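**Q** Residue numbers (this note's numbering): 266 to 643. Backbone N, C-alpha and C fix where the C-beta goes; we use that ideal spot for every residue, glycine too. In this text, all values refer to a predicted model and were calculated from it rather than measured experimentally.
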Amino acid sequence: MNLHEYQSKELFRAAGIPVPPGEVASRVEDALQAAERFGYPVVVKAQVLIGGRGKAGGIKVVRGGEDLSREAGRILGMELRGLKVSRVLITPSADIAREYYAGIVLDRRNEAPLLMVSPAGGIDIEEVARATPEKILRIPIDARGLPTYRARAAARFLDKDPAVQKRIAPILIRLVHAYHVQDATLAEINPLVVTKTGEVLALDAKIVIDDSALDRHPDLAAMRDLSAEDPGEIEARARGLSYVKLDGTIGCVVNGAGLAMATMDLIQFHGGKPANFLDIGGSSNPDKVEAAMHILTGDSRVRAVLFNIFGGITRCDDVARGLLLALDRLKVRIPIVIRLTGTNEREAREILGERGLIALSDMDEAVRAVIARAAEAA
Numbered sequence: 266m267n268l269h270e271y272q273s274k275e276l277f278r279a280a281g282i283p284v285p286p287g288e289v290a291s292r293v294e295d296a297l298q299a300a301e302r303f304g305y306p307v308v309v310k311a312q313v314l315i316g317g318r319g320k321a322g323g324i325k326v327v328r329g330g331e332d333l334s335r336e337a338g339r340i341l342g343m344e345l346r347g348l349k350v351s352r353v354l355i356t357p358s359a360d361i362a363r364e365y366y367a368g369i370v371l372d373r374r375n376e377a378p379l380l381m382v383s384p385a386g387g388i389d390i391e392e393v394a395r396a397t398p399e400k401i402l403r404i405p406i407d408a409r410g411l412p413t414y415r416a417r418a419a420a421r422f423l424d425k426d427p428a429v430q431k432r433i434a435p436i437l438i439r440l441v442h443a444y445h446v447q448d449a450t451l452a453e454i455n456p457l458v459v460t461k462t463g464e465v466l467a468l469d470a471k472i473v474i475d476d477s478a479l480d481r482h483p484d485l486a487a488m489r490d491l492s493a494e495d496p497g498e499i500e501a502r503a504r505g506l507s508y509v510k511l512d513g514t515i516g517c518v519v520n521g522a523g524l525a526m527a528t529m530d531l532i533q534f535h536g537g538k539p540a541n542f543l544d545i546g547g548s549s550n551p552d553k554v555e556a557a558m559h560i561l562t563g564d565s566r567v568r569a570v571l572f573n574i575f576g577g578i579t580r581c582d583d584v585a586r587g588l589l590l591a592l593d594r595l596k597v598r599i600p601i602v603i604r605l606t607g608t609n610e611r612e613a614r615e616i617l618g619e620r621g622l623i624a625l626s627d628m629d630e631a632v633r634a635v636i637a638r639a640a641e642a643a
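Structural data, given as structure tokens:
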């Protein structure tokens with residue numbers, strides 16, 4: 266579960282991490298009142314669950330009421346990657362001397378959380394890792410937290426000023442603690458800034474909570490903002506489907522996360538762009554297949570759909586019945602390519618054949634076919 270910046274800052278503040286004051290506003294009038302309390306200049310920040318808000322025009326520094334009215338009015342109601350902005354965060358503008366990065370991610374290779382710090386803050390850490398990997402210090406962590414000596418080493422890596430190092434080290438320790446306590450999969454400060462007066466602040470904050478842990482965090486579950494999430498992802502969660510919306514044109518319905526990832530890779534390899542990750546799991550419930558098609562047909566960018574089913578626990582004939590159910594109920598108009606192999610494959614082919622649908626056996630052939638159909642429908 267992704268949290269808004271203002272929500273992440275609330276959790277950081279509760280953990281003892283210094284964050285600047287801020288107020289959330291959903292109207293221009295509320296934004297003006299907040300700015301008057303803080304004093305200008307202030308920063309107007311769109312509260313929407315995507316990255317790259319600044320590049321998209323969702324973050325602006327304003328120096329007076331007229332500027333604030335214009336920028337807050339523009340940002341409120343704008344769309345960033347299809348998500349409407351309904352709130353802005355008003356916060357005092359910081360007098361920044363230096364910007365750093367600090368974040369904790371899951372290191373899947375080592376099967377442990379990893380603290381990463383970098384003196385190159387304020388930009389995507391992926392860009393830093395690609396262009397200047399020597400500017401990133403990586404520290405594996407465990408459930409015991411971050412030892413003081415490692416926090417001090419990380420602080421020295423970031424800043425040469427001993428006084429600033431003494432402020433940074435406890436922030437890193439508290440960041441690791443917050444990550445563990447909240448059952449997060451990501452906790453990030455970017456940038457962690459040093460002001461010209463030597464103050465250290467978490468100027469931006471991002472926390473992602475493990476959905477599987479929400480049952481023991483009802484306070485965090487209550488923070489979920491359904492209005493800021495993709496409607497397809499909301500429906501998928503309610504129907505027990507694993508779905509992530511992407512920016513391509515080829516819809517994918519697959520059983521099994523590994524096969525789904527391989528399918529997307531193969532689509533990309535052959536020059537297509539997947540529109541989603543969608544794993545129907547090991548269920549043989551035809552209703553799940555219909556639900557998957559309902560989600561994909563609700564995405565206007567989808568030009569064609571690939572069904573890639575390897576029948577094990579999932580029965581191919583049940584998938585075929587679910588597909589026909591979806592075609593009848595949803596009046597699907599986009600091309601569909603089907604690849605089936607495994608349990609009850611023969612029965613599935615007979616069911617589909619009665620409706621004039623052909624199922625392929627070769628995955629590579631199916632991917633090439635769906636890319637061609639998507640191009641024809643563009």
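Only counting the same chain, and skipping five residues up and downstream in sequence, which positions put a Cβ closer than 7 angstroms to that of residue 624?
**A** So the list reads 603, 604, 605, 613, 614, 617, once near-sequence residues are dropped.
**Q** With a 10 Å radius around its C-beta and 16 neighbouring C-beta atoms as the bar for buried, classify residue 513 as buried or exposed.
**A** So residue 513 ends up on the buried side.
**Q** Name the two residues that bound the continuous alpha helix (DSSP H) containing residue 273.
**A** Counting along the chain, the alpha helix (DSSP H) containing residue 273 begins and ends at 270-279.
**Q** Can you give the Cα-Cα distance for residue 595 and residue 563, rounded to whole angstroms?
**A** Cα to Cα, the separation comes out at about 10 angstroms.
**Q** Just to confirm the assignment, what range does the alpha helix (DSSP H) spanning residue 611 have?
**A** It spans 610-618 - the alpha helix (DSSP H) in which residue 611 sits, taken as one unbroken run.
**Q** Pick from 405, 493, 429, 313: whose alpha carbon is nearest that of residue 374?
**A** For residue 374, the nearest C-alpha among the options comes from 405.
**Q** If you reduce the DSSP assignment to three classes, tell me which class residue 444 lands in.
**A** The answer is helix: DSSP assigns residue 444 an H, G or I state.
**Q** According to DSSP, simplified to helix, strand and coil, what is residue 481?
**A** In the structure shown, residue 481 sits in a helix (DSSP, three-state: H, G or I).
**Q** Pull the bridge partners of residue 357 from the DSSP assignment, please.
**A** BP columns for residue 357 point to 307.
**Q** Grab the span of the beta strand (DSSP E) containing residue 325 for me, first residue to last.
**A** Run containing residue 325: 324-327, per the beta strand (DSSP E) assignment.
**Q** As a quick exercise: from 413, 557, 526, 350, pick the residue whose alpha carbon is nearest that of residue 506.
**A** Measuring from the Cα of residue 506, the nearest candidate turns out to be 557.
**Q** Out of 490, 441, 364, 427, which has the shortest C-alpha to C-alpha gap to residue 400?
**A** For residue 400, the nearest C-alpha among the options comes from 364.
**Q** Using a Cβ-Cβ cut-off of 6 angstroms (strictly less than) and excluding sequence neighbours within five positions of residue 417, which residues of its own chain qualify?
**A** 434, listed in sequence order.
**Q** So residue 451 and residue 369 are supposed to be a Cβ contact under 8 angstroms. How far apart are they, rounded?
**A** 7 angstroms between Cβ atoms; contact.
**Q** Looking only at its own chain, which residues have a Cβ that is under 6 angstroms from the Cβ of residue 584, when we skip the five neighbours before and after it?
**A** Correct list, in chain order: 554, 574.
**Q** Please state whether DSSP places residue 595 in a helix, a strand or coil.
**A** Three-state result, residue 595: helix.
**Q** By the DSSP assignment, the beta strand (DSSP E) with residue 571 in it spans what residues?
**A** Note, residue 571: beta strand (DSSP E), 569-576.
**Q** Considering just the uninterrupted stretch of the beta strand (DSSP E) at residue 258, what are its terminal residues?
**A** There is no way to answer for residue 258, as the model of the chain reaches only from 266 to 643.
**Q** Do you know offhand how far residue 467's Cα is from residue 391's?
**A** Approximately 19 angstroms, taken between the alpha carbons.
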